[in-house]
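Residue numbers (full-length UniProt numbering): 1 to 422. Heads up, the beta-carbon is just placed ideally off N, CA and C, and yes, glycines get one too.
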Amino acid sequence: MFIDVAKIHVKAGKGGDGIVAWRREKYEPAGGPYGGDGGNGGSIILKADEGIRTLMDFRYKRSYIGQNGEDGRTKKQFGKAGEDIVLKVPVGTLVKDGNTEGVIVDLKEKDQTFVIARGGRGGRGNAKFATATRQAPGFAEPGTKGQERDIILELKLLADVGLIGFPNVGKSTILSIVSAAKPKIANYHFTTLKPNLGVVRIGEEKSFVIADIPGLIEGAHQGAGLGHDFLRHIERTRVLVHVLDVSGSEDRDPIDDFYKINDELSQYNIKLVDKPQIIVANKMDILGAEEGLEKIKKEFEPEGYKIYPISAATLEGIDELKYAMWDLLSNTEISYDTFDEEFMHEEESDDAIIVRKENDKFIVEGTFIERLLGSTYFDDVDSLRYFQDMLRKKGVIDKLKELGIQEYESVFICGYEFEFFD
């Protein structure tokens, strides 16, 4: 099992400000408030996508910032909302908080989405604050900030494709060509002693994981040549690419090799031979390879195997092989390795208000209070009265009294000092 990890920063867009505006038309002498609301900020959304198999893209870009909402307009018109950013991640991605490492969500279903950073709310224009007793409010509400956080994306990385075959048939070379992996390559047996993983990209948005499984030998199912370890890795793959040396450069018979490897697979676990399998005829650049290719075609094509002749040395047939592997994967059922435990992520309530006494200081804080404070114009009588009314309606005044506050004592609201009076 391999773990692919990426740490990224996400910041949602700020909500647009509501505006103060007045209706000024020839036949409307009374006018009235006419300011519109700001648009909501764009959110950052995670989406599980079957076409993506790794977190590779998040290594190149680690910060994502949502679009801000536009400010409101006159004539009670809303500002345009900021566009959301949708980040596509592999199915099975576990999302953790970047600071606490607590689990936020397990994206284990196709097309599952989760808002990881919610855009700020658009502020209300002054038209929204008009009442029977406050007919000309000279204030509006600013937009709130979007959520901002560091997150960790974690994926249990299982190889989609397993390269199998006898030692020295060219598996590591193929891996290095079709992906960015850099396995140890040399002209002797058992160069690879543990699986090397690489990521193969198909176009801009498609990718899959390929593993170079160390060369198997006869008796592998009984543990010969670290066989049990190697066969265990094959169990985790979805499809198999069987690499044969058709040049005869190792004095081996590729047909005999094919049957021996598949026999080892079935002896270890009969289900392994049921995995979709294609054959790669490697070393086509060597004299005598054409004859070997014709032999394996005659042997295996009647059994339904597709054969892809390539040369890892000259790159002949490599592109065709990459697309063949993708096509095979696309038609093979996926079994995701996800976390069994269900996780409940609790978002902080926008209405949360904390009123407390600490070291003889009265403190009021919370998301709602921050938003209320930011929307208040203290030079405007109507705005100040609205601020006081909201504190009373939300129970802040009563709670301060319960804590023993007296007239003209200081109270700290989101870090700002005010004088209390009822």
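What's the call for residue i, buried or exposed, on a 16-neighbour Cβ count within 10 Å?
i	result
Gly304	exposed
Arg392	exposed
Lys11	buried
Glu264	buried
Asp274	exposed
Leu315	exposed
Tyr259	exposed
Ala132	exposed
Tyr268	buried
What does residue i pair with, by DSSP beta-bridge criteria?
i	result
Pro309	Ala281
Val355	Val364
Leu240	Gly162 and Gln277
Asn196	Asp212
Phe418	Val411
Glu299	DSSP, once it has assigned bridges, lists no residue as partnering Glu299.
Ala316	Contrary to the premise, residue 316 reads as Glu rather than Ala in this sequence. The partner list for Glu316 (beta bridge, DSSP) reads Ser311.
Assign residue i to one of three DSSP states: helix, strand, or coil.
i	result
Asp245	strand
Lys206	strand
Val169	coil
Ser410	strand
Arg201	strand
Asn331	coil
Glu250	coil
Gly219	A caution first: Gly219 carries a pLDDT of 46, below 50, which makes its placement in the model too unreliable to give a value.
Ile270	helix
Gly374	helix
Asp379	coil
Ile286	coil
Within a Cβ cutoff of 7 Å, which residues of the same chain sit near residue i, ignoring the five residues on either side of it in sequence?
i	result
Phe58	Ala6, Ile8 and Leu153
Pro254	Leu244, Asp245, Val246, Gly292 and Ile296
Gln77	Gly36
Phe134	Just to set this straight, residue 134 is Arg in the shown sequence, not Phe. Asp382, listed in sequence order.
Leu46	Leu87, Val89, Val95, Leu107, Thr113, Phe114 and Ile116
Beta-carbon within less than 6 Å of residue i's beta-carbon, same chain only, minus the 5 sequence neighbours each way: which residues are those?
i	result
Arg129	Arg is not the amino acid found at residue 129; the sequence shown has Phe there. Cβ within range, chain order: Pro137.
Gly288	Ser247 and Gly248
Ile52	Lys88 and Pro90
Glu70	Gly16, Gly39, Gly79 and Lys80
Glu333	none
Phe418	Val411
Ile202	Trp326
Residues in its own chain within less than 8 Å of residue i by CB, not counting five upstream and five downstream?
i	result
Ala117	Val10, Lys11, Ala12, Ser43, Ile44, Gly66, Gly146, Gln147, Glu148 and Arg149
Phe139	Val20, Asn126, Phe129, Ser375, Thr376, Tyr377, Asp380, Asp382, Ser383 and Tyr386
Tyr64	Ile8, His9, Val10, Lys11, Ile44, Ile85 and Leu87
### Task
Let me know the beta strand (DSSP E) ranges lying completely inside the UniProt domain "Obg" (1 to 158), each 3 residues or longer, listed in chain order.
Complete beta strand (DSSP E) runs here, min 3: 2 to 11, 44 to 49, 63 to 65, 85 to 90, 93 to 97, 103 to 107, 113 to 117 and 148 to 157.
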